[in-house]
Amino acid sequence: MRVTLAQISPKLNRTNLDDIIKIINSVKDSSDLIVFPELSLSGYMLQDKLSEDAWQIEELDQLRDLSKEIDIVVGAAFKDESHFRNAALYFSKGECISRHNKVYLPNYGMFEEARYFEAGDIFESFSLDGKSISMVICEDLWHKNVHQDLIETNPDIIIALVASPARGFSDDGLEIQRQWYDIIKTVAKECYAKLIFVNRVGFEDGLGFWGGSCTVDALGNIQHQQENFKKIIKTVEV
1 MRVTLAQISP
11 KLNRTNLDDI
21 IKIINSVKDS
31 SDLIVFPELS
41 LSGYMLQDKL
51 SEDAWQIEEL
61 DQLRDLSKEI
71 DIVVGAAFKD
81 ESHFRNAALY
91 FSKGECISRH
101 NKVYLPNYGM
111 FEEARYFEAG
121 DIFESFSLDG
131 KSISMVICED
141 LWHKNVHQDL
151 IETNPDIIIA
161 LVASPARGFS
171 DDGLEIQRQW
181 YDIIKTVAKE
191 CYAKLIFVNR
201 VGFEDGLGFW
211 GGSCTVDALG
221 NIQHQQENFK
231 KIIKTVEV
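First residue of the sequence shown: 1, per the UniProt record's numbering; consecutive thereafter.
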């Protein structure tokens, strides 16, 4: 399967949709699936802009149409009835076939997600073309019980949408990157599944996001690692 890792720098406004459509159009003839980071349609530090910038499914018809040619995974601030969700959306064959609402909303230090979003409460997989797929969002993977939930859903592929700020700089690199890679290698091995990890880059309100998107094979080996802090759109074989 040809997968495009879209390591982008979303803005804090709705113009992200236009940028995402341009990227999809540039790769759709040479890729089977494109994955964008957490909140890629919205930007991360929405805070009080959430009510005006959150998306509803009927506003994403262009992504549904494009998914007739390539599968698309995007992150969005999503309006769900009376709630706002931090969501991952999977578009395929002209439909939004799955949505994962982030379960673990960080509310410490620089993070205030629980103040603005309603948490999800379930991890599940869906079947597509003979493969079982699960989606997770960032903080979800830092909780051991989620690893057990994923094992029970028995996915062939895990897609992780991430917006991880850079912290823990040292001569040996980023401590947060080392921690993240340890987690995704462990999850891939525990589930004996391939894992697609897409983290954003760029800056918002003093937060710098480090990127380092990659894939992990079912034995826990990091593959196709992208350079830190650079916008990169790269198609790889998974």
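We put the CB at the ideal spot given by N, CA and C, even for glycine. Fair warning: this is a prediction, and the values are worked out from it, not measured in the lab.
C-beta neighbour in chain C for D217, strict 8 Å: As a matter of chain content, chain C is missing from the structure shown, which is built from one protein chain.
Start and end of the alpha helix (DSSP H) containing L63? Here residue 63 refers to the residue found at position 63 when the sequence shown is read from its first residue. Its alpha helix (DSSP H) spans residues 61 to 66.
So, with DSSP's three-state summary, where would you put H83? Within the sequence shown, numbered from 1, the residue matching residue 83 stands at position 83. Strand.
Below 8 Å, how does it come out for the segment 84 to 104 and the segment 61 to 74: are there three or more Cβ pairs, yes or no? yes
Would V238 and V198 qualify as a contact pair, given that the criterion is a beta-carbon distance under 8 Å? Against the sequence shown, residue 238 aligns to sequence position 238. Against the sequence shown, residue 198 aligns to sequence position 198. Not closer than 8 Å, so no.
Identify, in the order they occur along the chain, each residue of the same chain with its Cβ nearer than 7 Å to the Cβ of Q56, setting aside the five sequence neighbours on each side. The residue labelled residue 56 in the question sits at position 56 within the sequence shown. Same-chain partners within the cutoff: K79.
By Cβ distance below 8 Å, which residues in the same chain neighbour Q62 in space, the five residues on each side in sequence not counted? In the sequence shown, counting from the first residue as 1, residue 62 sits at position 62. The residues are L17, I21.
Going straight from the alpha carbon of I184 to that of L41, what length do you get? Position 184 of the sequence shown, counted from the start, is the residue given in the question as residue 184. Position 41 of the sequence shown, counted from the start, is the residue given in the question as residue 41. Spanning the two alpha carbons is a distance of roughly 24 Å.
I want to know whether the segment 117 to 127 touches the segment 143 to 160 - three or more CB-CB distances under 8 Å. yes
Apart from the five residues just before and just after E190, which ones in its own chain have a Cβ nearer than 8 Å to its Cβ? Residue numbering aside, residue 190 sits at position 190 when the sequence shown is read from its first letter. Excluding residues within five positions, the ones whose Cβ falls inside 8 Å are H147, L150, I151.
Whole alpha helix (DSSP H) runs in the segment 28 to 59 with 4 or more residues, listed along the chain? 50 to 53
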